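First residue of the sequence shown? That's -1 in our numbering, and the numbers climb one at a time after it.
Where is the CB? At the ideal position from N, CA and C, for every residue including glycine.
Since the model is a prediction, treat every value here as computed from it, not as a measurement.
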Amino acid sequence: MGMISLVWGIVALIWMVLALIPLVGITNWLLIPFAAVGAITAAIGLLFTRTGRRGRAKAGLVINGIVIFVAIWRLGLGGGLI
């Protein structure tokens, strides 16, 4: 689960960089649920893995959390459309 959430977070991060381009920011409406699924996957990975093997899940949770925060911030700047 940790590896899945980490890869999911990297894909979301690349998508977020593309969504920062003007007039493409509307894709943030799709990016937020996409990153939320990655964060939920990371949380499940944190719950069901052994103590020493949680690094990937933590990294996935942090990356997906950053993507969600930046996407919401970007939507706020553009009024939800741009």
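| field | Gly0 versus Ile8 - alpha carbon distance | value | Each residue's alpha carbon lies about 12 Å from the other.
| Do you know how far the Cα of Ile24 is from the Cα of Ala83? | A query on residue 83 cannot be resolved here, the shown segment of the chain reaching from -1 to 80 and no further.
| How about Leu11 and Ile70: are their beta carbons less than 7 Å apart? | No, the Cβ-Cβ distance between Leu11 and Ile70 is not below 7 Å.
| Distance CB(Ala34)-CB(Ala55) smaller than 7 Å | Cβ distance not < 7 Å, so Ala34 and Ala55 don't count as in contact.
| Would you report the Cα separation of Leu45 and Gly74, rounded to the nearest angstrom? | Each residue's Cα considered, the two are about 33 Å apart.
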